[in-house]
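Following my numbering, the numbering of the sequence shown begins with 2 at its first residue and continues without gaps.
From the three backbone atoms N, C-alpha and C, an ideal C-beta is built for every residue, glycine too.
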Amino acid sequence: MTETTDTAQAHTMDYVDYEVRDRVGYITLARAEKRNALNAEMVTELKRAFAAAEDDEACKVIVLRAAGKVFCAGADLEYLQRLQQYDYHDNLADSTHLMELFRLIYTLKKVVIAQVHGHAIAGGCGLASICDFVFTVPEAKFGYTEVKIGFIPAIVKVFLLRKIGESRAKQLLLTGDLISAEEAQTYGLVNYVVPAEELEERVASFAQKLCTENSRQSMEVTKEMIARVQEMSLEDGLQYAAEMNAVARGSEDCQRGIDAFLKKESLTW
């Protein structure tokens, strides 16, 4: 890792770049010449980058973005051709590799914001979908096109059902149709649609808002609870929530926050 300034660090790999600026970690897909298509090597580097960002004390919030005109076009065509030569066990290992990346992002302690400046298709749409927030431009298209080539959107489905529900997930996954950014927002895939010339600034501003206004610990625990409570029964979920509530009340961040609130003091985290 190479330091560039006191507040910025950079980590360069072959297919992915990672740098930190003002407590925001930027993970950039850097295969623009291949429309940032996913292959095993790129998945490996994304796993490394997200793991590095999670362990990086200088990073509080993460932005996933991409170089070139397309956010991510899904699986690399040459990679798909190689997969046809794999047996079941090789394919299972490769599928597990991708599953581990998606699970890592979904369960990461830090908030992940997708900055989608171009089309996000198939696995690329899945990559954006599992981020905590998605910013995009009106021109971007979204879709899970796997069924159109005889494949299945298997891994992303697990997360998509949680995010947007069964009816809308079926509409997207069974048709394989591409939808506009505005439609994606209606579906709940996208949080914000902003003009292309404002995208970078709006994402940076939002990331800084999270960095300065919110407790790192509170965001981490809240994100973890959102993931875990959906698997629980009503009674187990409520008991878990009560226990975590009690733990949070005794935390240093909570005590600091309540003290500032009672004293009507502004607090910068």
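- Taking a 10 Å sphere around the C-beta of tyrosine 27, we find 16 or more other C-beta atoms and assign the residue as buried.
- Rounded to whole angstroms, methionine 220 and serine 267 show a C-alpha spacing of 19 Å.
- Secondary structure note for lysine 142: its beta strand (DSSP E) is the uninterrupted segment 142 to 144.
- By the C-beta density criterion, phenylalanine 51 is buried, having at least 16 other C-beta atoms within 10 angstroms.
- Residues Ala31, Arg32, Glu42, Met43 and Glu46 of the same chain have their beta carbon placed closer than 7 Å to that of tyrosine 16, with the five preceding and five following residues left out of the count.
- In this structure, the straight-line span from the alpha carbon of glutamate 199 to that of glutamine 116 is close to 11 Å.
- The three-state reading of DSSP puts aspartate 77 in coil, since its state is none of H, G, I, E or B.
- Rounded to whole angstroms, the separation of the alpha carbons of valine 21 and aspartate 56 is 12 Å.
- The segment 103 to 155 is shown to contain whole alpha helix (DSSP H) runs of 4 or more residues at 124 to 130, in chain order.
- Counting along the chain, no beta strand (DSSP E) covers glycine 69, and no H or E run does either.
- Leaving aside the five residues that flank proline 154 on each side, the residues in its chain whose CB is nearer than 6 Å to its CB run, in chain order, Tyr145, Glu147 and Leu174.
- The C-beta distance from arginine 169 to tyrosine 193 rounds to 19 Å, too long to fall under 8 Å, and the pair is not in contact.
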